[in-house]
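These protein sequences, in sequence, are chains A, B and C.
Counting from 45, one number per residue, gives the positions in the first sequence under our numbering.
Counting from 25, one number per residue, gives the positions in the second sequence under our numbering.
Counting from 69, one number per residue, gives the positions in the third sequence under our numbering.
We put the CB at the ideal spot given by N, CA and C, even for glycine.
Computed from a predicted structure; not experimentally measured.
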Amino acid sequence: MSGLPPYASTGQRVWYYTFRVICGLIFFFLIAPIVVVIPLSFNAQDFFTFTPEMLRLDPEGFSLKHYRDFFTDSGWQAALWNSVRIAPVATILSVSLGTLAAIGLSQDHVPARRAIMAILISPMIVPLIISAAGMYFFFSRIGLQGSYWGVVLAHAALGIPFVIITVTATLVGFDRSLTRAAANMGADPVTTFFRVQMPLILPGVISGALFAFITSFDEVVVVLFVGSAGQKTLPWQMFLGLREQISPTILAVATILVVVSIALLTTVELLRRRSERLRGMSPS
Amino acid sequence: MSDMTDTGPVLAADGTPLKRSLARALRRQKMRALMLIAPLLLFILISFILPVGDMLYRSVQNDIVSKTLPNTVVALESWDANSGELPEEAVFAAMATDLKSAAAAKIHTKVGGRLNYENPGISSLFRKTGRKATKFDLEAGIVWKDELIDINDGWGDPDVWRTIQTYSSPITAGYFLNAIDMRVGPDGAESRPEEEQIYMNLLKRTLWMSMMITISCILLAYPVAWILANLPARQANLLMILVLLPFWTSLLVRTSAWKILLQQQGVINDILVWIGLVSDDARLVIINNQFGTIVAMTHILLPFMILPMYSVMQTIPVTYLRAAKSLGATDWTAFWRVYFPQTIPGIGAGSILVFILAIGYYITPALVGGTKGTFISNQIAFHISTSLNWGLAAALGAILLAVVLVLYWAYDRIVGIDNVKLG
Amino acid sequence: MKVMKTLAATTALTVAAGAVAAEDMANELTLVSWGGAYQASQNKAYVEPYLAMNPGLTVIWDESSAEAVAKLRAMDEAKNVTWDLVDAVASDSMRLCDEGLAEELDHNAVLAAAPDGTSATDDFGDLIVSDCFVPQIVYSTTFGYRTDMVGAEMPTSVCDIFDTTKFPGKRSLQKRPIDNVEWALYCDGVAKDEIYDTLGTDEGVARAFAKLDTIKSDVVWWTAGAETPQLLADGEVVFGSTFNGRLFSAIAEQNQPIGMLWDMQSFDLDGWIMPANLPADRKARALDFLKFATDTQRLADQAAYISYGPARASSAPLVGKHAELGIDMAPHMPTDPDNSGNIHVYDYEWWADNRDDLNAKFEAWLAK
Chain A
45 MSGLPPYAST GQRVWYYTFR VICGLIFFFL IAPIVVVIPL SFNAQDFFTF TPEMLRLDPE
105 GFSLKHYRDF FTDSGWQAAL WNSVRIAPVA TILSVSLGTL AAIGLSQDHV PARRAIMAIL
165 ISPMIVPLII SAAGMYFFFS RIGLQGSYWG VVLAHAALGI PFVIITVTAT LVGFDRSLTR
225 AAANMGADPV TTFFRVQMPL ILPGVISGAL FAFITSFDEV VVVLFVGSAG QKTLPWQMFL
285 GLREQISPTI LAVATILVVV SIALLTTVEL LRRRSERLRG MSPS
Chain B
25 MSDMTDTGPV LAADGTPLKR SLARALRRQK MRALMLIAPL LLFILISFIL PVGDMLYRSV
85 QNDIVSKTLP NTVVALESWD ANSGELPEEA VFAAMATDLK SAAAAKIHTK VGGRLNYENP
145 GISSLFRKTG RKATKFDLEA GIVWKDELID INDGWGDPDV WRTIQTYSSP ITAGYFLNAI
205 DMRVGPDGAE SRPEEEQIYM NLLKRTLWMS MMITISCILL AYPVAWILAN LPARQANLLM
265 ILVLLPFWTS LLVRTSAWKI LLQQQGVIND ILVWIGLVSD DARLVIINNQ FGTIVAMTHI
325 LLPFMILPMY SVMQTIPVTY LRAAKSLGAT DWTAFWRVYF PQTIPGIGAG SILVFILAIG
385 YYITPALVGG TKGTFISNQI AFHISTSLNW GLAAALGAIL LAVVLVLYWA YDRIVGIDNV
445 KLG
Chain C
69 MKVMKTLAAT TALTVAAGAV AAEDMANELT LVSWGGAYQA SQNKAYVEPY LAMNPGLTVI
129 WDESSAEAVA KLRAMDEAKN VTWDLVDAVA SDSMRLCDEG LAEELDHNAV LAAAPDGTSA
189 TDDFGDLIVS DCFVPQIVYS TTFGYRTDMV GAEMPTSVCD IFDTTKFPGK RSLQKRPIDN
249 VEWALYCDGV AKDEIYDTLG TDEGVARAFA KLDTIKSDVV WWTAGAETPQ LLADGEVVFG
309 STFNGRLFSA IAEQNQPIGM LWDMQSFDLD GWIMPANLPA DRKARALDFL KFATDTQRLA
369 DQAAYISYGP ARASSAPLVG KHAELGIDMA PHMPTDPDNS GNIHVYDYEW WADNRDDLNA
429 KFEAWLAK
């Protein structure tokens with residue numbers, strides 16, 4: 045489908061290239077903000093502005109001071125550390141509970157399936173500001189407001205719908221006779237789960253985990269309400285950076301995160317290709 | 025034997041009737057499924073459903089008036105608000121008693137603040153009277169009607185007493201009326217004057233803009249999803265990184281980046297001026313309005329549209345299109361009659377995701393929306409953290425939630441929530 | 069026995085006077101402030117010196133002052149107040165005091181007297197707008213303009229904001245009615261002392277909005293103090309209102325081509341409140357810090373880092389030079405006689421009553 049067949053008419057040819065150009069423009073739209081952010085993070089000034097010096101490519105206009113700021117400022121470092129402490133725990137919580145529940149939901153004859161599904165999906169459909177305010181009042185009452193576990197629980201709840209959706213989707217295509225066969229051959233349910241079912245639904249679990257992680261790592265509304273000074277995460281620090289003092293440090297942070305995520309995504313892709321090669325599969 | 029097969033139940037291997045045995049197996053299966061779901065269900069109920077319910081209850085909760093002013097509320101019951109006369113002395117005496125104990129507990133300003141939402145000025149009436157209330161001598165036989173009006177002539181306004189009477193019940197519809205631009209007047213519910221109507225227009229605007237965002241997401245995501253689904257895996261995976269990358273960039277950073285791009289001295293305008301499409305003194309206004317919000321939010325939500333579309337398109341065999349063409353269909357007919365209908369579930373799933381997420385956004389509209397491009401969530405946030413009218417925020421939230429739930433319900437009926445796929 | 073009794077009595081007296089022994093004070097102090105340059109100035113001027121004097125102490129900063137009232141209310145509902153001192157604007161502190169969420173203080177007993185012996189209440193004067201409030205600084209909301217974009221003639225009056233023929237271009241205003249409606253009425257010819265009487269009527273409100281209507285299409289609305297300096301630096305707006313300290317840092321520290329328009333600057337106060345009913349050890353620590361942080365020298369020191377006027381009369385003569393730039397700070401203070409010729413002092417009481425109502429009308433007007 046991808047290549048242009050040699051017998052294509054002129055009209056088809058024109059359309060083929062126009063279509064590619066359109067797609068290219070949309071991809072550019074997707075990354076345009078990132079393209080803007082990266083050079084500005086080297087700005088020598090404390091504003092989000094392309095200065096005349098920068099446009100002239102004058103070295104005077106560039107500086108690493110915002111990166112220095114990020115690595116030396118205790119506020120930013122504490123925020124980074126908090127994000128690193130909160131997001132993985134919230135992810136583990138939502139992935140473990142969410143995967144179990146998704147497996148339960150995929151069985152036949154689940155009573156009140158629709159209603160249960162609606163409840164489990166609800167953190168995604170309830171507007172964030174309502175969830176945030178509700179958790180804020182309720183967690184205050186039970187003493188969780190402003191605590192590490194309060195933020196972790198809140199973020200785990202927000203991540204769960206993504207896990208449910210992705211894992212349920214992979215389970216739709218799951219052949220149930222495989223678990224029966226395993227049980228037939230004497231495997232107990234736990235072994236069956238970890239040795240047979242888990243490896244097959246792993247892609248769904250991983251992509252659910254990624255969504256859950258990002259939900260927590262980039263979440264600013266709920267943490268602003270539920271957290272206190274001790275749980276100030278990176279997005280919160282960025283929010284303060286925008287509100288109290290516009291400082292390109294947040295652009296430096298964003299650039300660092302973009303570089304890290306490109307590295308991560310590329311590594312994953314390379315590993316995937318390597319395993320395909322090792323298993324002797326042609327790229328699908 | 026023969027009579028058993030005619031009338032008796034069919035038996036399972038262990039001798040129990042098959043029907044019962046099957047029922048038991050089914051029950052066990054149901055139990056097992058529920059056991060797997062139970063932990064998460066419990067978790068969501070406690071950490072999410074209860075908090076949201078608690079929040080929504082505030083939209084009708086009004087016990088502050090009857091708790092703070094118990095004697096006044098009882099004494100006011102028999103007063104006819106439409107008479108135009110002030111209530112009798114017993115009501116004033118009850119108010120003096122209530123104010124004295126409320127001022128001692130420092131809660132008189134809270135009730136003043138509550139009533140001030142309905143009738144501006146009551147806040148200071150309670151605050152000013154409260155300062156003297158701790159020294160009230162209830163036994164001295166003072167005529168409280170004269171005394172209170174002497175302290176502040178606000179007490180001589182029947183409208184103040186009408187407000188207290190109207191809002192004395194522990195449950196109120198007042199916040200909801202306010203949220204739909206109405207109020208309780210002397211003759212029941214009435215529309216607010218036009219210069220105070222905000223929320224219904226805002227809700228309409230929120231829905232309309234969310235729809236625009238969803239449509240632009242569909243238009244932009246379709247070609248991208250198609251090319252991702254039809255390129256060889258290696259190239260597709262590399263392009264996928266471009267789709268996922270914005271996901272990994274903080275929402276706040278992306279929004280600020282759009283500000284840099286769209287503002288009048290921004291990158292896009294600079295480029296347009298530089299290539300001569302736009303003159304320097306007629307730079308385009310593409311931020312702090314609806315356009316700015318739609319562009320920035322389309323960008324932020326686009327991956328949520330691309331991923332479900334992509335996963336649906338991946339499952340459509342290429343052979344269908346070839347078959348259609350070999351049967352004589354033109355490119356367009358083959359696409360429109362064969363390929364497109366099969367992608368509708370993907371479009372549906374993406375649309376509902378994008379629409380529901382869009383409707384609840386508030387940070388991005390606040391930063392790039394100016395005055396015309398903000399959403400109802402912005403007002404909710406404003407009432408929660410700035411004006412502190414939590415009841416009104418809850419009522420607005422309840423209305424917004426109801427809209428979302430109707431959408432969700434419709435979607436579940438038409439497409440089924442199981443068919444949503446993310447990547 | 070008698071000696072013991074006397075001893076006990078004197079100890080009780082010293083405790084009452086506020087001189088609590090160090091071991092009775094909490095070792096943690098949670099301060100709530102605004103973040104950014106302002107919090108940095110507090111940190112340098114009195115938190116760091118105080119930490120040096122009290123080695124075992126840790127200070128936790130919480131940048132939640134913008135949500136102080138909402139968060140304190142929720143903490144109070146939950147009976148779990150984790151803050152020790154909160155930096156709040158005057159109107160918020162009055163609200164908190166009225167609701168019993170902030171502790172009422174005897175200013176002369178808990179605060180240091182001026183070096184010359186003037187009592188704290190006399191030294192702060194009428195800036196103590198509420199019994200719970202200990203003022204730190206006087207700041208103002210005022211306008212900055214791009215000196216290279218306004219044309220040949222620089223603006224001199226706040227009413228130039230409303231003159232789009234003489235000064236075309238966008239202007240940024242805070243997205244709230246406070247200050248804006250007062251400026252609008254003033255520039256529509258209402259005398260300064262009649263502004264609030266006029267605003268009290270429906271016609272007055274309509275008149276203010278009608279005046280604002282004349283520039284509505286040229287306004288960019290801001291909500292966070294950092295926005296106007298950014299908009300001015302980008303050249304997005306020609307004029308912009310913001311806090312005077314923000315403009316100072318854009319002009320003096322960032323060398324932006326921005327000028328200050330002090331006419332009709334709107335004065336406001338910022339200071340400390342202590343949440344009500346703190347446990348004894350935390351309260352003792354908070355009061356000990358409060359006494360140190362609001363003495364004459366400390367408030368003057370703060371002015372070396374940020375251009376906000378110290379709230380004590382006795383601090384004004386001690387205001388020196390900027391800690392890094394070495395420029396004289398006094399002429400950049402909103403309270404400097406050259407800057408405060410024509411000022412606007414907003415009426416806290418009036419706004420407490422009418423804020424909700426005017427906010428609703430303002431939002432409806434914005435949406436039109």
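Any C-beta of chain C under 8 angstroms from that of A:Asp232: Locating residue 232 of chain A in the first sequence gives position 188, counting from the first residue. Not one chain C Cβ lies under 8 angstroms of A:Asp232.
Contact check, C:Asp160 vs C:Ser101, beta carbons under 8 angstroms: Position 92 of the third sequence holds residue 160 of chain C. Position 33 of the third sequence holds residue 101 of chain C. Not in contact: C:Asp160 and C:Ser101 (Cβ atoms no closer than 8 angstroms).
Pairwise C-alpha distance: B:Ser240 and A:Leu309: In the first sequence, residue 309 of chain A corresponds to position 265, counting from 1. In the second sequence, residue 240 of chain B corresponds to position 216, counting from 1. Each residue's alpha carbon lies about 27 angstroms from the other.
Complete runs of the beta strand (DSSP E) confined to the segment 157–222 of chain A [at least 3 residues]: List check, beta strand (DSSP E) in window: nothing returned.
Straight-line Cα distance separating C:Ser382 from C:Arg353: As a position in the third sequence, residue 353 of chain C is number 285, starting the count at 1. As a position in the third sequence, residue 382 of chain C is number 314, starting the count at 1. Those two C-alpha atoms are separated by around 25 angstroms.
Beta-carbon spacing of A:Ala330, B:Leu58 below 8 angstroms: Outside the shown range of chain A, which is 45 to 328, sits residue 330 of chain A, and nothing can be said about it.
Residue closest to C:Tyr207, alpha-carbon to alpha-carbon, out of C:Ser408, C:Leu434, C:Pro402 and C:Asp406: Within the third sequence, numbered from 1, the residue matching residue 207 of chain C stands at position 139. Nearest of C:Ser408, C:Leu434, C:Pro402 and C:Asp406 to C:Tyr207, Cα basis: C:Pro402.
DSSP beta-bridge partners of B:Gly145: As a working mapping, residue 145 of chain B is identified with position 121 in the second sequence. Partner(s): none; B:Gly145 has no beta bridge.
C-beta neighbour in chain C for A:Ser328, strict 8 angstroms: Here residue 328 of chain A refers to the residue found at position 284 when the first sequence is read from its first residue. Summary for A:Ser328: the model assigns pLDDT 42, below 50, so the residue's position carries little reliability; its value from the coordinates is reported in the next sentence. The beta carbon of A:Ser328 does not come within 8 angstroms of any beta carbon belonging to chain C, so the residue lies off that interface.
For C:Lys389, the residue or residues it bridges with in DSSP: Against the third sequence, residue 389 of chain C aligns to sequence position 321. Residue pairing by DSSP puts C:Lys389 in a beta bridge opposite C:Asp396.
Cβ pair C:Asp355, C:Val178 closer than 8 angstroms: Taking the first residue of the third sequence as 1, we reach residue 355 of chain C at position 287. Taking the first residue of the third sequence as 1, we reach residue 178 of chain C at position 110. It is worth fixing the name first, because residue 355 of chain C is Leu in this sequence and not Asp. Between C:Leu355 and C:Val178, the C-beta gap is smaller than 8 angstroms, which places the two residues in contact.
7 angstroms CB neighbourhood of C:Val71 in its chain, flanking five on each side removed: In the third sequence, residue 71 of chain C corresponds to position 3, counting from 1. Residue confidence is low: C:Val71 scores 48 on pLDDT, short of 50, so the model does not pin down where it sits. Its coordinate-derived value is still stated next. Closer than 7 angstroms at the Cβ level, and outside the excluded window around C:Val71, lies no residue.
Where A:Val234 falls, given that 16 or more other Cβ within 10 Å makes a residue buried: Locating residue 234 of chain A in the first sequence gives position 190, counting from the first residue. The residue is exposed, with fewer than 16 neighbouring Cβ atoms inside 10 Å.
Simplified DSSP state of C:Leu75, which is helix, strand or coil: By 1-based counting over the third sequence, the position of residue 75 of chain C is 7. Low local confidence applies: a pLDDT of 46 at C:Leu75 is under 50, so the model's placement there is unreliable, with the coordinate-based value given in what follows. It is helical.
Three-state secondary structure (DSSP) of A:Ser46: Taking the first sequence and counting its residues from 1, one reaches residue 46 of chain A at position 2. The predicted model places A:Ser46 with a pLDDT of 49, which falls under 50 and marks its position as unreliable; any figure quoted below should be read in that light. It is coil, neither helix nor strand.
Collapsed DSSP secondary structure at C:Pro123 in the structure displayed: Taking the third sequence and counting its residues from 1, one reaches residue 123 of chain C at position 55. Correct three-state label for C:Pro123: coil.
Closer than 8 angstroms to chain A by CB, C:Met143: Within the third sequence, numbered from 1, the residue matching residue 143 of chain C stands at position 75. At least one chain A Cβ lies under 8 angstroms of C:Met143.
First through last residue of the alpha helix (DSSP H) which encompasses B:Asp122: Your numbering for residue 122 of chain B matches position 98 in the second sequence. Bounds of the alpha helix (DSSP H) holding B:Asp122 are Glu113 to Ala128.
Cβ separation of C:Gln333 and A:Gln89, assumed to be a contact under 8 angstroms, to the nearest whole Å: Along the third sequence, read from residue 1 onward, the residue named residue 333 of chain C stands at position 265. Along the first sequence, read from residue 1 onward, the residue named residue 89 of chain A stands at position 45. 27 angstroms between Cβ atoms; not a contact.
Where B:Thr388 sits in the DSSP three-state scheme: For the purposes of this step, residue 388 of chain B is taken as residue 364 along the second sequence, with counting starting at 1. If DSSP states are grouped into helix, strand and coil, B:Thr388 belongs with the helices.
A:Gln56 classed as buried or exposed, judged by whether at least 16 other C-beta atoms fall within 10 angstroms: Against the first sequence, residue 56 of chain A aligns to sequence position 12. Exposed: under 16 other Cβ atoms inside 10 Å.
Assumed close pair C:Thr209, C:Phe307 - CB separation to whole angstroms, cut-off 8 angstroms: By 1-based counting over the third sequence, the position of residue 209 of chain C is 141. By 1-based counting over the third sequence, the position of residue 307 of chain C is 239. The Cβ separation is near 13 angstroms, so there is no contact.
Start-to-end residues for the alpha helix (DSSP H) that takes in B:Met329: Taking the first residue of the second sequence as 1, we reach residue 329 of chain B at position 305. First-last of the alpha helix (DSSP H) with B:Met329: Gln314 to Gln338.
Interface flag, A:Met45 vs chain C, CB-CB below 8 angstroms: As a working note, residue 45 of chain A is residue 1 in the first sequence. In this prediction, A:Met45 scores a pLDDT of 45, lower than 50, which makes its location untrustworthy; the coordinate-derived value is nonetheless stated afterwards. Between A:Met45 and chain C, the shortest Cβ-Cβ separation is not below 8 angstroms.
Between the CA atoms of B:Leu263 and A:Phe72 - distance to the nearest angstrom: Here residue 72 of chain A is taken as the residue at index 28 of the first sequence, counted from 1. Here residue 263 of chain B is taken as the residue at index 239 of the second sequence, counted from 1. The straight-line gap from Cα to Cα measures roughly 11 angstroms.
Neighbouring residues, chain A, relative to C:Gly313 (Cβ below 8 angstroms): Translated into the one-based positions of the third sequence, residue 313 of chain C becomes position 245. Per Cβ cutoff of 8 angstroms: no residues; C:Gly313 is ~11 angstroms from chain A at best.
Cβ neighbours of B:Ser36 in the same chain (closer than 7 angstroms, five flanking residues each side left out): Counting from one through the second sequence, the residue named residue 36 of chain B turns up at place 12. At residue 36 of chain B the sequence reads Ala, which differs from the Ser that was named. Closer than 7 angstroms at the Cβ level, and outside the excluded window around B:Ala36, lie Leu42 and Ser45.
Whole-number beta carbon distance between A:Pro247 and A:Leu84, since they are thought to touch under 8 angstroms: Counted from its first residue, the first sequence places residue 84 of chain A at position 40. Counted from its first residue, the first sequence places residue 247 of chain A at position 203. No, A:Leu84 and A:Pro247 are not in contact; Cβ-Cβ is about 37 angstroms, not under 8 angstroms.
CB contact check: B:Glu220 to chain C, cutoff 8 angstroms: As a first step, residue 220 of chain B is located in the second sequence; it is residue number 196 there, counting from the start. For B:Glu220, a Cβ of chain C is located within less than 8 angstroms of the residue's own Cβ.
Close-in-space but distant-in-sequence residues of the same chain around C:Leu346 (CB under 8 angstroms, 5 per side omitted): Within the third sequence, numbered from 1, the residue matching residue 346 of chain C stands at position 278. Cβ-Cβ distances below 8 angstroms link C:Leu346 to Val149, Asp152, Glu171 and Ala354 in the same chain, with the five nearest sequence neighbours on each side left out; the list follows chain order.
Pairwise C-alpha distance: C:Gly237 and C:Val287: By 1-based counting over the third sequence, the position of residue 287 of chain C is 219. By 1-based counting over the third sequence, the position of residue 237 of chain C is 169. Straight-line Cα distance between these residues: approximately 9 angstroms.
Short Cβ contact (8 angstroms threshold) for C:Pro59 with C:Tyr213: Nothing about residue 59 of chain C can be read from this structure; chain C reaches only from 69 to 436.
Minimum C-alpha distance to B:Gln288 - residue among B:Leu65, B:Pro365 and B:Ile310: Along the second sequence, read from residue 1 onward, the residue named residue 288 of chain B stands at position 264. Of the candidates B:Leu65, B:Pro365 and B:Ile310, the one whose C-alpha sits nearest the C-alpha of B:Gln288 is B:Ile310.
Own chain residues within Cβ distance below 8 angstroms of A:Thr95, not counting five before or after: Position 51 of the first sequence, counted from the start, is the residue given in the question as residue 95 of chain A. In the same chain as A:Thr95, and ignoring 5 residues on each side of it, the C-beta atoms closer than 8 angstroms to its own belong to Asn87, Ala88, Gln89 and Gly105, in chain order.
Extent of the continuous alpha helix (DSSP H) to which A:Glu97 belongs: Position 53 of the first sequence, counted from the first residue, corresponds to residue 97 of chain A. Boundaries of the alpha helix (DSSP H) harbouring A:Glu97: Pro96 to Leu99, taken from the DSSP string.
C-beta neighbour in chain B for C:Glu431, strict 8 angstroms: Within the third sequence, the letter at position 363 stands for residue 431 of chain C. True, the Cβ-Cβ gap to chain B drops below 8 angstroms.
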